[in-house]
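Enquirer: The following block contains the structure, expressed as structure tokens.
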């Protein structure tokens, strides 16, 4: 019995250590991040965009992030004329605060100046609904909603057993919650798949047929275009443009969202 | 009664409205009648039917017509359809008749001009030629029913109205994309190869439909102008258009399940959408233009390469001024030609004026120069004449347009001869491009929101999974507890079996007490009852049915290494319990102790080995 208690104690300690690993990895504290955020804001307000960028990046190097931080960083890059970096940071901000109207405006504005193939609007109504559903929530929000529905399903099932609910009532509850569970789980998987391995081009780059400097140019990529990373080979990356065209670009031409 | 009255009235109103609408439509239908024939394809495969559609526009009072026999085809009438369309507020009615034509033999056949008489007037269709091939004859997709290759259904052509042109001449170019019986999306602006030419960039296009050889094509027409910059036979094109074909993928379901991950991209992107976009690049044939040099005869001295058909205007103002005051000189060249290559003539009496940098702008076939000139002295009386020469492409010869001279009156300046520093006049400011409003981003945020470690999504945190695990454990415990209590309530056999050891323990404790007190008879009564209850509960028997014989029978069917010794011990206990009734004196305290241990061992053994 004592042996069990000892094992249990060790296991709990290891698990708790995992839980707080986030804190252990962070290099700067939240208050330090906040003070840097404020001073970067002051630099931005006085037109010192490059200084603002440097301070915002320091916060990110300190392993801290927030939606507003990416948004402000995106703004600073936009003011510096770096459209690709601006769109990249707006994309990252959208993952954390997808319904922020200022962010949506700036994101659209930055993307309106991108030439060439962007993302194509989905063709049918179901696809459009699915996209709207997926883009409305942050990943964490979806996870919380799915967890709540799952717990509700479990608790309601137990309640229905203990309180001896009529079968019809129980069925109705489970059908309704089950449909919601399916919608959100499918949405989560779709969002996960869509956001996986996406990147933004940081310069006006050429995509070639082969991962070699002297290879023939296949197509052009404007700065700020969203592409999917398929694989990496040495310092070349195979990408897929929204229209389905595949090509190789140099590693530093794109950055993962 | 009231209700029926109202409904009768309503139905009368609706009937009269309907009649009125029909009359209105009849009267509003355009009177122009046309008769056209269309086929679904010009290349057919023997045995695979193609569709012939006869369309009569401008009337609907037509009944289906029997077609005359057509050589090489078996004809079958299919159906008819009527349609109303509004064009600029005018209704147009049309009626279509569909016929199925089954090609019978290989060869070149034709549908002759078909005649139709409407209201005493004859209408005729264009004849259509059809090539019938064998199924092995390189036909791309016989399964789809459209027997033409993709090249016949979507192609690009490059056209120009001129074959021989002069250097710098304005050559109208048409880039035409033909589409028939195929869905296309994301059409890109054509890329024209134009080595030796300057090409205007224009994103405008026209879209219309045209029946060619009986097939209805949707045509995208991109118009532009090319200006040859070299002499000789120059090749223009090919023109290249990129677009996406919309392909319906019928085998998606079967293919997505084989050899692919369940969460593959394609699966999810195709989850709601069963069409697929396939990018294609279409190329036209190039065209060759013979570029002629401009004639040497009659070439003016000041000719600077303008070719086309132009007007030239010059205005000077104000004409009365003081030394140092600005004059605006405005030259305007208007017409068709390569305006970009056109240079403005130089200003003649340059020494007498101080010249400021000109502003040149170009819009709507017009090129305008505006320049501020300031007279240096009051002796100046004229701005000298200005000449512009160009090669008139319509007449094939050079022309020179002269404007001026313009008399001016310059007075001495009140402030002496010094030249004023001036900015550009009113005219110049009007050239500044219009102000653009609201083209910037929203300001930064003052609130940082909640900071978190980078990439610390909930689903990546161990704490989240611990929470789920703990919740799962709670749920499992609650569920098992429910199941247990529920079974105990509903399953008597199970409930008795579960309760058997608990009751036995109680009985044994009581018996032990009696044993210690030495109450022999009470002890045996208690131990017998305990054993009787235990065995009754364990094997679901009534108390009366628990005898050694019944229990022995049950135990004979049970497996166990010591089952025989258990049976023996059980027999001894039952015998002892019987014996106590008539020979209690023979039982010693030691016997009772052994008896107690035996009962305890039997219960323990049965609990552990008999379920």
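Protein chains in written order, with our numbering: chain A, 6 to 262; chain B, -19 to 591. Even for Gly, the Cβ is constructed at its ideal location relative to N, Cα and C. Every value quoted in this text rests on a predicted model; they were computed, and no experiment measured them.
Tell me the rounded alpha-carbon separation between residue 51 of chain B and residue 374 of chain B.
Expert: For residue 51 of chain B and residue 374 of chain B, the distance between alpha carbons rounds to 51 Å.
Enquirer: Are the beta-carbon atoms belonging to residue 433 of chain B and residue 68 of chain A less than 8 Å from one another?
Expert: Yes, the Cβ-Cβ distance between residue 433 of chain B and residue 68 of chain A is below 8 Å.
Enquirer: Look at the Cβ atom of residue 232 of chain A, then the Cβ atom of residue 245 of chain A, and state whether they are nearer than 8 Å.
Expert: Cβ distance < 8 Å, so residue 232 of chain A and residue 245 of chain A count as in contact.
Enquirer: Does residue 153 of chain A pass the burial test, meaning 16 or more other C-beta atoms within 10 Å, or should it be called exposed?
Expert: Label assigned to residue 153 of chain A: exposed.
Enquirer: With distance defined between alpha-carbon atoms, name the residue in B/536, B/60, B/98, B/17 nearest to residue 90 of chain B.
Expert: It is B/17 whose Cα lies nearest to the Cα of residue 90 of chain B.
Enquirer: Using the Cβ count rule (16 or more neighbours within 10 Å means buried), how would you classify residue 397 of chain B?
Expert: In this predicted model, residue 397 of chain B has a pLDDT of only 45, less than 50, meaning its place in the structure is not dependable; the value taken from the coordinates is given anyway. By the 10 Å Cβ count, residue 397 of chain B comes out exposed.
Enquirer: Could you say if the stretch 455 to 462 of chain B and the stretch 153 to 170 of chain A meet the contact criterion of at least three C-beta pairs nearer than 8 Å?
Expert: Judged by Cβ distances under 8 Å, the stretch 455 to 462 of chain B makes contact with the stretch 153 to 170 of chain A, as three or more pairs qualify.
Enquirer: Name the two residues that bound the continuous alpha helix (DSSP H) containing residue 589 of chain B.
Expert: Element bounds for residue 589 of chain B: 569 to 589.
Enquirer: Output needed for residue 227 of chain A: all residues of its chain with C-beta closer than 8 Å, excluding positions within five of it in sequence on either side, in chain order.
Expert: The answer, listed in chain order, is 119, 120, 121, 206, 209.
Enquirer: So which residues on chain B does residue 71 of chain A lean against when the C-beta distance must stay under 9 Å?
Expert: Ordered by position in chain B, the residues that pass the 9 Å Cβ test against residue 71 of chain A are 428, 429, 430, 431, 432.
Enquirer: Leaving out five residues before and five after residue 400 of chain B in sequence, what residues of the same chain have Cβ atoms less than 6 Å from its Cβ?
Expert: Any reading at residue 400 of chain B must be qualified, since the residue scores a pLDDT of 49, below 50, and its modelled position is unreliable; no value is offered.
Enquirer: Quick one: give me the first and last residue of the beta strand (DSSP E) that residue 255 of chain A is part of.
Expert: 251 to 255 is the extent of the beta strand (DSSP E) around residue 255 of chain A.
Enquirer: To the nearest angstrom, how far is it from the Cα of residue 324 of chain B to the Cα of residue 241 of chain A?
Expert: For residue 324 of chain B and residue 241 of chain A, the distance between alpha carbons rounds to 52 Å.
Enquirer: Determine the chain B residues that contact residue 166 of chain A at a beta-carbon separation under 7 Å, and present them in chain order.
Expert: Those are 462, listed as they occur along chain B.
Enquirer: List the residues of chain B whose Cβ lies closer than 9 Å to the Cβ of residue 138 of chain A, in chain order.
Expert: Chain B residues near residue 138 of chain A: none, gap ~11 Å exceeds 9 Å.
Enquirer: Residue 212 of chain B lies in the beta strand (DSSP E); which residues open and close that run?
Expert: From DSSP, the beta strand (DSSP E) with residue 212 of chain B extends over 212 to 216.
Enquirer: Closest by CA to residue 140 of chain A, which one among A/98, A/181, A/255, A/169?
Expert: Of the listed residues, the one whose Cα sits closest to residue 140 of chain A is A/98.
Enquirer: What residues from chain E crowd round residue 182 of chain B, counting only those whose CB sits closer than 9 Å?
Expert: No chain E appears in this structure, whose protein chains are A and B.
Enquirer: Of all Cβ atoms in chain A, is any one closer than 8 Å to the Cβ of residue 17 of chain B?
Expert: By this cut-off, residue 17 of chain B is not an interface position.
Enquirer: Once you ignore the five residues that flank residue 189 of chain B on each side, which residues in its own chain have a CB closer than 8 Å to its CB?
Expert: Cβ within range, chain order: 196, 197, 198, 199.
Enquirer: To which residues of the same chain is residue 227 of chain B closer than 8 Å at the C-beta, ignoring the five residues directly before and after it?
Expert: Excluding sequence neighbours, residue 227 of chain B sits near 255, 256, 257, 258.
Enquirer: Can you find the residues in the same chain that come closer than 6 Å, C-beta to C-beta, to residue 82 of chain B, ignoring five residues on each side of it along the sequence?
Expert: 29, 54.
Enquirer: Could you spell out where the beta strand (DSSP E) holding residue 311 of chain B opens and where it closes?
Expert: Per DSSP, residue 311 of chain B belongs to the beta strand (DSSP E) from 307 to 317.
Enquirer: Please list the terminal residues of the continuous alpha helix (DSSP H) segment that includes residue 246 of chain A.
Expert: Neither: residue 246 of chain A is in no alpha helix (DSSP H) and is coded neither H nor E.
Enquirer: Run down chain B in chain order and give the residues with a C-beta less than 8 Å from the C-beta of residue 35 of chain A.
Expert: In chain order: 431.
Enquirer: Secondary structure at residue 558 of chain B, three-state DSSP: helix, strand or coil?
Expert: Residue 558 of chain B falls in the helix class under three-state DSSP.
Enquirer: Determine the DSSP secondary structure at residue 43 of chain A, reduced to helix, strand or coil.
Expert: Residue 43 of chain A falls in the helix class under three-state DSSP.
Enquirer: Would you say residue 235 of chain A reaches chain B, if we count a Cβ-Cβ gap shorter than 8 Å as a contact?
Expert: With 8 Å as the cut-off, residue 235 of chain A does not count as an interface residue toward chain B.
Enquirer: Per DSSP, residue 225 of chain A is paired with what?
Expert: Answer is A/211.
Enquirer: Could you spell out where the alpha helix (DSSP H) holding residue 237 of chain A opens and where it closes?
Expert: Per DSSP, residue 237 of chain A belongs to no alpha helix (DSSP H); it is in the beta strand (DSSP E), 231 to 238.
Enquirer: Residue range of the alpha helix (DSSP H) that residue 484 of chain B falls in?
Expert: Residues 472 to 497.
Enquirer: What residues in its chain sit with their C-beta under 8 Å from that of residue 145 of chain B, if we drop five residues either side in the sequence?
Expert: 151, 208, 269, 270, 271, 272.
Enquirer: With C-beta atoms as the reference, is residue 46 of chain B less than 8 Å away from residue 80 of chain B?
Expert: Result no, Cβ atoms of residue 46 of chain B and residue 80 of chain B do not sit closer than 8 Å.
Enquirer: Ignore the nearest five residues each way along the sequence and tell me which others in residue 120 of chain B's own chain have a CB closer than 7 Å to its CB.
Expert: In this prediction, residue 120 of chain B scores a pLDDT of 40, lower than 50, which makes its location untrustworthy; the coordinate-derived value is nonetheless stated afterwards. Here the set comprises 129, 130.
Enquirer: Could you tell me whether the Cβ of residue 287 of chain B comes closer than 8 Å to any Cβ of chain A?
Expert: No, residue 287 of chain B does not count as interfacial toward chain A.
Enquirer: How is residue 162 of chain B classed by DSSP in three states: helix, strand or coil?
Expert: Note: residue 162 of chain B maps to coil in three-state DSSP.
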